[in-house]
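Undergrad:
There are 2 protein chains.
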Amino acid sequence: MSMDELKRRLGQVSDLYAAAGLMSWDQETLMPEEAARVRGLQMATLEGLAHELFTGARTAELLEAAGEPQDEADAALLRVSRRDHAKATRLPTEFVEEAARARNEAHHAWLDARQRSDFATFAPHLEKMMDLARRQADLLGYDEHPYDALLDEYEPGMRASQVEPVFADLRDRTLPLLRRIVAAGDAADYSVLTRPFAPEAQKAFAWRVAGEAFGLKPEFARQDESAHPFQTNFSRSDLRITTRVEDYWPACLFGTWHETGHAMYERGISERWERTPVSRGASLGVHESQSRMFENLLARSRPFWERYFPHLAEAAPEVAAGLDAETLYRAVNRVSPSLIRVEADEVTYNFHVMLRFELELALLEGRLKVHELPEAWNARMQEYLGLTPPNDALGVLQDIHWSSGLIGYFPTYTLGNLLSVQLLEAAKRDPAVAAGIERAEYGPLLAWLVENVHQHGRSLTPTQIAERATGRPLTADPYVAYLQEKYAGIYGLRAED
Amino acid sequence: MSMDELKRRLGQVSDLYAAAGLMSWDQETLMPEEAARVRGLQMATLEGLAHELFTGARTAELLEAAGEPQDEADAALLRVSRRDHAKATRLPTEFVEEAARARNEAHHAWLDARQRSDFATFAPHLEKMMDLARRQADLLGYDEHPYDALLDEYEPGMRASQVEPVFADLRDRTLPLLRRIVAAGDAADYSVLTRPFAPEAQKAFAWRVAGEAFGLKPEFARQDESAHPFQTNFSRSDLRITTRVEDYWPACLFGTWHETGHAMYERGISERWERTPVSRGASLGVHESQSRMFENLLARSRPFWERYFPHLAEAAPEVAAGLDAETLYRAVNRVSPSLIRVEADEVTYNFHVMLRFELELALLEGRLKVHELPEAWNARMQEYLGLTPPNDALGVLQDIHWSSGLIGYFPTYTLGNLLSVQLLEAAKRDPAVAAGIERAEYGPLLAWLVENVHQHGRSLTPTQIAERATGRPLTADPYVAYLQEKYAGIYGLRAED
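Residue numbers (UniProt numbering), protein chains in the order written: chain S, 1 to 497; chain L, 1 to 497.
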């Protein structure tokens, strides 16, 4: 019976987090602005009670008493719950509170520093973040490198020593490609991407395609607007994605389809883990593999626009005037080195990530001092992308992550990119999947993803998912080949160039 | 320090209820339909944890240990919390669970019985509801009458023996008025009230006036659509009202302003009781006095339409065509006996309530048997309103209340109506308030309501609020005088008639 009690308790914890999640979603989308102060207190209560309930002595007893699981599902539940419990109880309350306070201060200092492009005022807070990261790694424990303890929060089981060679390979093989693309020059007229497109029509088109192409239906999902697009959910039948509208209208479309990838992952997790800690994506990297697959590998493909260009032309004739599927396909696949990560294309994006990974590793080890960071950032931007930020706001201060104590988070973006192509290549070995993709009909692909990725939730590690689904560990090969083939076509590069 | 710990704990309880409230609001307004099952489990967890935290042994100790309060605010907080705690702990868990199950079954049986207009299948469930109501009254305790223990849930301190003479007086003095109005016949062309009025325009007009006339602003409130209009809130700076659109367009307008009255009450509660059990309206009756004041005494007044008719004409020219303020004023004040309570006008509404009060009192005492109820209902409908329901769906089965175990709830509607006029009369003794009302400028009135009603939350009882604000206990006099004067004018009745 203790297994039943454990499940009841895990269900309560899950419900508390779901409530905190709804409060957060509401805050970002609909909440009247004056409600913010009390909402903060309410969310803190819910998260505090959830943490208390999960780390409490009774939970420890129940995890202990559960003994040998009856079936595979229970085994996974116990494994994941014991792992989470062990990690959650390794950080003393005083440390968690100190870190929360320091992050709050660092976040405000960063907002101010970015506003004034003044790294110096942020520097002491970044020192503090690095100090906390080192202490957190020591508290959590690690075998090889303190970075592993941090990375493990986002990418369970992954180590810096595994990331480094993959990233080095990716860098060495895509840098020449990037240089050739830059040398080739524009491949389309990009001004069409800022033609006037009514905000409501943008959202409606993006949402309609999210349903028709990718299976995200109003029966179990909704779309709203927020300052920064995100996906959240309160069960697999209650998925929420948000979008925003900009002058550059592909932001709304591809942003929506990116979040749709996240949402469909959560949708596909087996119901047997409902209201348990297993019922989430396996890692940030695996999550990102789904969002980037939908956004880039599918929605930035030629078959996609062959199918959906007529729909776009119907939804927004003035945007589509004089265009065709091929022109649009080329326009939305522009490669152009730029300063800002979140605006980067498929080829340059990973350089932004690798740069950050290299720098945060050096900072954590103490090889690089915080005061040397802006210079190191700018040198590497020059090396990778041939650009030097005119100021730190457009350089080292652009991301929220470090100010929020998120050290070890950045690599997951590129791990997701790599995995997206490796998974898609594996899926295409099934002829029905491959044929569907050529017609932009993704039903067979979705079924393959549910079977091989989604349904497992956190019951498999990211490495297990990659190896079982694709037959080999994560590698840069498929991604590099994908980029080479796609962009050689768009930019007219010779194959052997 | 135990007072601090108590406040922390009450804050947590309040936050859990706020989260459950947001989940419920979301469910009624926006939630994808397939999310319902898990949402039910999540809400049950939040309410269960809130109840556990509030009734737990530590709360009892803290309420005990708090000793003598330091100030008036703490005194009120202790008084209300001790009262709630005592009541909450008087019902054993087994009773609460049995009642929840029975209500759930009764509710489904009622839905089905109403659908088929078949009272007999609902009858055993109503027997059970009455049985539970009697046992609940015994568990809660009472001095005079078991009904008092039930009524006290909604109208703290009120007794059946106080309600009865007030209702009898109201009945005896408004029945002759109603008969004279019916004899006088139509006072306007009511077909204008179903002219086509675009749903978005209805909602926008209603919401704009809610802000301009009644002070409900987007900075701390929002309006959404739901099947049944309601008001809820998660703090005084996070008010949510809902509306619905029907062919009869006044439903959206007056419904919105009704909920605005509820919302502005919660808005006016003093911040010092934030996140405590004091921070709610004093009772359902006092709440209803505010919603009915806005909906009827203000928005169905001549000065209101003199001011807002031009705005309506601007918002919906095709609706206003050929009309003027006076015509519209008469049309929205139609008096006409009808079968359905929620559609009733100001004069007939209270008869629907009094009938239910008299019948539920007789059922509780056992003077009336459940199987005799439809006949008793129909006889009284004939006596009061001159109508006989063609079937039980349009008669005794029309309301959700009894099937949900809400016995002792109905009188609060009429108590609210009576109090609304008694309060408004008192407020008008202030010349600035009176002058404002004549121009449909409600700033001075709102300030008076905050001062005399809103700010106190539950720190005063409904009786204290009525007596302090108006100088006398609740009586039917002002309400009767209001109806006589208003409808004599509209229906051209002679004053001494």
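Every residue gets a Cβ at the ideal spot worked out from N, C-alpha and C, and that includes glycine.
Below 8 Å, can you find three or more Cβ-Cβ pairs linking the segment 381-393 of chain S to the segment 343-359 of chain S?
TA: yes
Undergrad: What residues of chain S sit near Arg222 of chain L, judged by a beta carbon separation below 7 Å?
TA: Those within 7 Å of Arg222 of chain L in chain S are Leu30, Pro32.
Undergrad: Can you pull the chain L residues whose beta carbon is under 8 Å from the beta carbon of Gly11 of chain S, in chain order?
TA: Leu41, Thr45
Undergrad: What residue from S:Arg356, S:Thr327, S:Glu72 has the CA that sits closest to Arg341 of chain S's CA?
TA: S:Arg356
Undergrad: Under 8 Å between C-beta atoms, does Val342 of chain S make it to chain L?
TA: no
Undergrad: Around the C-beta of Gln464 of chain S, are 16 or more other C-beta atoms found within 10 angstroms, so that it is buried, or is it exposed?
TA: exposed
Undergrad: Residues in the same chain with beta-carbon distance under 8 Å from Gln115 of chain S, minus the five sequence neighbours each way, listed in chain order, please.
TA: Ala393
Undergrad: Quick one: which unbroken alpha helix (DSSP H) runs of 4-plus residues sit fully inside the segment 21-57 of chain L? Chain order, please.
TA: Listed in chain order, the complete alpha helix (DSSP H) runs (minimum 4 residues) inside the segment 21-57 of chain L are 36-55.
Undergrad: Looking at C-alpha atoms only, which residue of S:Leu78, S:Pro156, S:Gly185, S:Arg83 is the closest neighbour of Ala466 of chain S?
TA: S:Pro156
Undergrad: To which residues of the same chain is Ile407 of chain L closer than 6 Å at the C-beta, ignoring the five residues directly before and after it?
TA: Hits under 6 Å: Ala133, Leu150, Glu360.
Undergrad: So which of L:Ser191, L:Gln12, L:Gly185, L:Phe230 has the shortest CA-CA distance to Ser24 of chain L?
TA: L:Phe230
Undergrad: What residues from chain S crowd round Ala19 of chain L, counting only those whose CB sits closer than 7 Å?
TA: Those within 7 Å of Ala19 of chain L in chain S are Ala19, Met23, Gln42, Leu46.
Undergrad: Could you say if the segment 273-291 of chain L and the segment 449-457 of chain L meet the contact criterion of at least three C-beta pairs nearer than 8 Å?
TA: yes
Undergrad: Looking at Asp26 of chain L and Leu22 of chain S, is the spacing between their C-beta atoms short of 8 Å?
TA: yes
Undergrad: So is Tyr248 of chain S buried or exposed if we call it buried at 16+ other beta carbons inside 10 Å?
TA: exposed
Undergrad: Could you give the C-beta distance for Ala88 of chain L and Phe54 of chain L, rounded to a whole number, given that I count them as a contact under 8 Å?
TA: 6 Å
Undergrad: Output needed in chain order: residues of the segment 270-287 of chain S with a Cβ under 9 Å from some Cβ in chain L.
TA: Here the close residues are Glu274, Arg275.
Undergrad: Can you name the start and end residues of the alpha helix (DSSP H) that Thr89 of chain L belongs to?
TA: 72-90
Undergrad: Using a C-beta to C-beta distance shorter than 8 Å, which residues of chain L count as neighbours of Val353 of chain S?
TA: Simply none; closest approach about 34 Å.
Undergrad: Using only alpha-carbon positions, find the residue among S:Phe234, S:Ala57, S:Asn391 that is nearest to Arg267 of chain S.
TA: S:Phe234
Undergrad: Beta strand (DSSP E) containing Ser235 of chain S: first to last residue?
TA: 231-235
Undergrad: Starting from the beta carbon of Asp238 of chain S, find every residue of chain L whose beta carbon is closer than 8 Å, and list them in chain order.
TA: Met31, Pro32, Glu34, Ala35, Val38, Arg39
Undergrad: Taking Thr243 of chain S as part of the beta strand (DSSP E), name the residues at either end of that continuous run.
TA: Where Thr243 of chain S is concerned, the enclosing beta strand (DSSP E) stretches over 238-243.
Undergrad: If we cut at 8 Å on Cβ distances, does His228 of chain S have a partner in chain L?
TA: no
Undergrad: Where are the alpha helix (DSSP H) runs, 4 residues long or more, that stay fully inside the segment 322-351 of chain S, in chain order?
TA: Within the segment 322-351 of chain S, the complete alpha helix (DSSP H) runs of at least 4 residues are 325-331.
Undergrad: Using the Cα positions of Ala227 of chain L and Glu28 of chain L, report the straight-line distance between them to the nearest angstrom.
TA: 7 Å
Undergrad: Applying a beta-carbon distance threshold of less than 7 Å, which residues of chain S neighbour Glu219 of chain L?
TA: Pro32, Glu33, Glu34
Undergrad: Checking contacts by CB at 8 Å: is Leu216 of chain L closer than that to chain S?
TA: no
Undergrad: Inspect the beta-carbon positions of residue 513 of chain L and Leu216 of chain L and report whether they are closer than 8 Å.
TA: Outside the shown range of chain L, which is 1 to 497, sits residue 513 of chain L, and nothing can be said about it.
Undergrad: Can you give the beta carbon distance from Val332 of chain S to Arg300 of chain S, rounded, assuming they're within the 8 Å contact cut?
TA: 6 Å
Undergrad: Grab me the residues of Leu419 of chain L's own chain with a C-beta within less than 7 Å of its C-beta, minus the 5 sequence neighbours each way, in chain order.
TA: Gly285, Val286, Ser289, Ala466, Leu474
Undergrad: By alpha-carbon positions, which one of L:Lys428, L:Arg195, L:Arg244 ends up nearest to Ala204 of chain L?
TA: Considering only alpha carbons, the answer is L:Arg244.
Undergrad: At 4 residues or longer, what runs of the alpha helix (DSSP H) sit wholly inside the segment 399-431 of chain S?
TA: 411-427
Undergrad: Taking only three categories from DSSP, how would you classify Ala221 of chain L?
TA: strand
Undergrad: Hey, out of L:Glu358, L:Tyr442, L:Gln12, L:His145, whose CA is closest to Gly297 of chain L's CA?
TA: In the sequence as presented, Gly is not what sits at residue 297 of chain L; that position holds Leu. Looking at the Cα atoms, L:Tyr442 is the closest of the given residues.
Undergrad: Determine the burial state of Ala183 of chain S: buried for a count of at least 16 other Cβ atoms within 10 Å of its Cβ, exposed for fewer.
TA: exposed
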